[in-house]
Amino acid sequence: MSIGEQINSLRKRNSLSQDDFANMFHVSRQTISNWENGVSQTKGY
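Under the UniProt record's numbering, the sequence shown has 22 at position 22, and the numbering climbs by one with no breaks.
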């Protein structure tokens, strides 16, 4: 399972919109969408 699939699964399991999830991590909704769709890579902090 890719990181994007994991993010999507976690978000849906907790009944969170992309906006809600983005606000929790102080990123934009578009960033969450990109992560879920594999458009951009997360930084390995």
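Even for Gly, the Cβ is constructed at its ideal location relative to N, Cα and C.
Only a predicted model underlies this, so the values are computations on that prediction, with no experimental measurement involved.
Margin query: Quick test of your reading: A22 and R13, contact by CB under 8 Å. State the CB separation rounded to the nearest angstrom.
Written below: Your numbering for residue 22 matches position 22 in the sequence shown. Your numbering for residue 13 matches position 13 in the sequence shown. Not quite, the Cβ-Cβ distance comes to about 17 Å (not below 8 Å), so this is no contact.
Notebook entry, point to check: Who are the Cβ neighbours of S9 in its own chain at under 6 Å, not counting the five residues just before and after it?
Noted result: Position 9 of the sequence shown, counted from the first residue, corresponds to residue 9. Excluding sequence neighbours, S9 sits near nothing in its chain.
Checklist line | Beta-carbon spacing of Q18, S2 below 8 Å | finding: Your numbering for residue 18 matches position 18 in the sequence shown. Your numbering for residue 2 matches position 2 in the sequence shown. The beta carbons of Q18 and S2 sit no closer together than 8 Å.
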